[in-house]
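Here the structure is laid out as structure tokens; the discussion comes afterwards.
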Amino acid sequence: MQEADSEAELSYGRWSIAIVGRVVDDRGRAAADFVGRQSDEAITAAYDAEEFQLEIGGQRLNADDVQEYLEPHKQRSVVLEATTLGFVEIFLICRAMRKLGGQFVTLLYVEPRRYANPRRSHLLERRDFELSEEVPGYKAIPGATLMMTDRRPVRAVFFLGYEGERLALALEGYQMIRPGD
Amino acid sequence: MPEAAVVIQNVLTKNRAEELGYDMWEHFVLPPFYDLLDLQTARKPRLVIGGRGCGKTMLLRYLSHQTIFSPSRPSVPREASLNIGLYWKADTQFANAMYKRGVPEDTWRAAFMHMAALIIGIEVLSSLKSIATCRTPLLDHSELVKLNFRRLRAFDQGLPVAPEELAACLEEKLWGLESWVNDVRKVQEPQFLPGPKFILRLIETVRSQVATLKETVYLVYLDEYENLCGYQQEIINTWLKHTEPPLIFIPATKRRAFENRQTTGPESLSDIHDFRQHDLEKYLIDDKDFSVFAAEILFHRLALGGVQGLPVNPADLRDPSKLEERKSSAYRKRVLASAERMFPGVSQHDLALGIFGDEALAKTLSNRIQSVLKRRGSRMPWRRFFRPSLPEASIISPALLCRRRVDPEKLAAEMDKAERGEQNQFTGSTGWIHNNFIGCLLQLYEPHFRACPVYSGFRAFCQLAQGNIRHFLELCHKATDIGLAKGGTVGAAVPVADQAEAARQASAALLGEIRSFGRRGNQLYTFVLRLGSLFALAHQRPSQSEPEQNHFSIKGASIQLTQDDLDFFREAVKWSVLFEQRVTKKKQAYLPETVEYVLNPIYAPYFHISYRKRRRLELEADDVICLMRGSYDAVSALLKRFSREWEVEPAEMAPTLFSHLEQGNER
């Protein structure tokens, strides 16, 4: 794993194919442009949690069929642009590549410098007051679906990102989870 | 903290049914409306409705076999075996994965029915074990092991015939279903069992072989029905439509969440004909006994924590035959008096004296009187309105002086009359004190941003909780937590200031929880912040012409609202963030019937507003839309417009709450 403040400090070659997500800001654009320049081909991928489908390289597939789609790419070097891709896209592609025996997968992530700064705490912050987006909540991902029940012990790992309240969302929605047991 | 205190805190913090397991015998307090419920004896479907925290899951788990045949129950009546409750809460994340993905819908339907057959089947078999192992076994163990389920092989040749093996096999089939749902392409599709048909045959087998259970009816309590997919709800609806003994389905949902009435056939479900409703929250809110019930739950929890000398007997609280006794006047008085001793409130007069006894608050009051007299060009001495002998009247005097039609001289004369004990407008039919006191008191505390004692007291806690037991216990928990941290003892009276601070802390914590309220949690949270800020602004009106506004209606009905906006309100009501009520007092009789939305009073201490339902704010549809989905700048402009309209000076707004709205602030 490499970590650096600029492109110049990284050591990398060319990739056969870059998979990028939806670009929503300058950071994502810079990251997508970078992997695009360094790859022979760039395709986009976006997951639709309602339909359990992945739109990749202009095709819409059921999440269960990602492995078949990536079969021709299993020997190629692939870079996943993780700044723009979401968790599910990365998970589905990595899992499929692993099952296919793919050896050459790289992930790139560009973190804003301000994430490293400590956050100031106010009673009410402007971001609290702004309109927040609708969240789909926890949805099963085909291939990683667990029947949660409190009749047998289940261990789960929560990927919270920078939003700790996502754990509260899980505990509220899935009350069979009893923390501490 | 001493060990006893830690135990108490633990029993007060466990306030969700899920944290207590399935056997609720030790933990359950029969609600006062228990005799209105006929869930155990229902022969037609019932629908249980209730908001978050009203005790829905607790009740359903109490009615289920793990509690009714609990090993902790000293004796189980024979008739308990006539109706056996089976609790089922589907994992909706898993159930929702049984959809689309290139699998035909009829396959998913069959898979869902298979899942229901497995889960309910396991529960039926598990109930036999509960019955055989309770303290007064109604089923002999030898009878249990002799049970033979050979006839179920008509569904699947591989099913074992003995009960324990059959239960294990159904469990394994559930794992098999889980594997298939995970990988529908590679894993072989299981052989699906046909839902209720399988369960009915299973029940028939039990009834035909166990004499004690030959008349038994099984009631499936399906919790959180609303989170199932549309086609799954339609399957359940079809079972509801055709439900009859010995298998009855009783779904439970949040408010306004039973909208899908479709079945898998051509007929839809119809209310009353196909099912009856039990609205638990309504029973609790409407019931004047909520405060007694809340006190009983509090004392029951303390009893579980080992506290002695409490006014309740835990065994009586779970005994249906004691319900009437619990409604007697002497009992109610005793229980309420004990709760009020633990969480003492403050009378209006003492609230008023508290202002005069506090240098900073008294200064705020005198400054306000002087300021308004100056604004009105009056040369009257401010002390004529600042009278420690008339604390309530003094506190509302700045608001009255702000009203143009109130002449300062006449107002002082009314105070003189009050001081002499004569008829006056403060205490007489004009009811100046009655109408304005709480609003004016909150206003005085606002700049100091200290917790106002109006939020303290057992009765205030009950009003803040509004039928929500979880909220009530959270208030009690925070109050005792502060009390114990300051050296108080378990069960002793918690000082008023600590209770008020606890109310504010609980309110802030519960406000933060809104983000986790479903897919629109973030939007609901933002909306409550915006609405609460607007109400806080309304409370700052110097004249208090419309005091204590904490609910709103939408002018000109809701024609401008989109389907998505209406869906947003449905979510707000479903999660009890807002309560929807029919308008009771229309300002003009010719106006059409409409509804008003009341902000859940638990959020009142955070915004420093009144929790009493007094005055309504009538908002234009555009303003409501702005609060729901307007940009930050639009909401900022809206608040500024209202502050101008209500003549609220920026200096009068709490800096911590509104600082982000001031010009030049960092974004």
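Protein chains in written order, with my numbering: chain A, 1 to 181; chain B, 182 to 848.
The beta carbon of each residue, even a glycine, is placed where N, CA and C say it ideally should be.
- Residue 45 of chain A has A/56 as its beta-bridge partners, per DSSP.
- Scanning chain B for C-beta atoms nearer than 7 angstroms to the C-beta of residue 137 of chain A yields 699 and 700, reported in chain order.
- When 8 angstroms is used as the limit between beta carbons, residue 366 of chain B is near these residues of chain A: 64 and 65, in chain order.
- Following the DSSP letters along the chain, one finds residue 206 of chain B in no beta strand (DSSP E), marked with neither H nor E.
- The distance from the Cβ of residue 341 of chain B to that of residue 350 of chain B is about 5 angstroms, consistent with a contact at the 8 angstroms cut-off.
- Secondary structure of residue 250 of chain B (DSSP, three-state): coil.
- The contact set of residue 165 of chain A on chain B, defined by CB atoms closer than 7 angstroms, consists of 696 and 697 in chain order.
- The stretch 430-442 of chain B makes no contact with the stretch 289-300 of chain B, as fewer than three CB pairs between them are under 8 angstroms.
- Each residue's CA atom was taken as its position, placing residue 227 of chain B and residue 240 of chain B some 14 angstroms apart.
- Residue 145 of chain A is not a Cβ neighbour of residue 291 of chain B, given a cutoff of 7 angstroms.
- Here residue 148 of chain A is buried, its C-beta having at least 16 other C-beta atoms within 10 Å.
- The Cβ neighbour count for residue 317 of chain B, taken over all protein chains shown within 10 Å, is under 16; the residue is labelled exposed.
- Contact annotation: residue 579 of chain B and residue 549 of chain B have beta-carbon atoms nearer than 7 angstroms.
- In this structure, DSSP gives residue 269 of chain B an extended state, which the three-state scheme calls strand.
- Closest in C-alpha terms to residue 711 of chain B, from the list B/697, B/784 and B/677, comes B/784.
- Around the beta-carbon of residue 637 of chain B, 16 or more other beta-carbon atoms lie within 10 Å, marking it buried.
- Using beta-carbon distances, residue 297 of chain B does not count as an interface residue toward chain A, since no partner is under 7 angstroms.
- With a cutoff of 7 angstroms on beta-carbon distance, residue 776 of chain B and residue 752 of chain B are scored as not near each other.
- The Cβ neighbour count for residue 506 of chain B, taken over all protein chains shown within 10 Å, is under 16; the residue is labelled exposed.
- At least 7 angstroms separates the CB of residue 112 of chain A from every CB of chain B.
- Chain-ordered listing is empty here: chain B has no CB closer than 8 angstroms to the CB of residue 21 of chain A, the nearest sitting near 21 angstroms.
- Going by beta carbons, residue 786 of chain B and residue 684 of chain B fall inside the 7 angstroms limit.
- Close to residue 283 of chain B, with beta-carbon spacing below 8 angstroms, are these residues of chain A in chain order: 62, 64 and 65.
- The count of Cβ pairs closer than 8 angstroms, one atom from the stretch 156-167 of chain A and one from the stretch 443-458 of chain B, stays below three, leaving the stretches out of contact.
- The DSSP assignment places 322-327 and 344-363 as complete runs of the alpha helix (DSSP H) inside the stretch 296-367 of chain B, in order along the chain (cut-off: 4 residues).
- Within a 10 Å sphere around the beta-carbon of residue 85 of chain A sit 16 or more other beta-carbons, which makes this residue buried.
- CA-to-CA, the gap between residue 394 of chain B and residue 284 of chain B works out to about 41 angstroms.
- The beta carbon of residue 749 of chain B sits no closer than 7 angstroms to any beta carbon of chain A.
- The stretch 668-688 of chain B and the stretch 716-726 of chain B do not touch, with fewer than 3 CB-CB distances between them shorter than 8 angstroms.
- The closest CA to that of residue 448 of chain B, considering only B/460, B/472, B/416 and B/512, is found on B/416.
- Residues of the stretch 564-591 of chain B that bring their beta carbon within less than 8 angstroms of a beta carbon in chain A are absent altogether.
- Separation of the CB atoms of residue 203 of chain B and residue 247 of chain B is rounded to 4 angstroms, and the pair is thereby assigned contact status at 8 angstroms.
- Beta-bridge partners of residue 15 of chain A (DSSP): A/39.
- Taken atom to atom, the span from the alpha-carbon of residue 49 of chain A to that of residue 139 of chain A is near 7 angstroms.
- Taking 7 angstroms as the threshold, the shortest C-beta distance from residue 349 of chain B to chain A does not fall below it.
- Under the Cβ distance rule, residue 639 of chain B does not count among the residues neighbouring chain A, no pair being separated by less than 7 angstroms.
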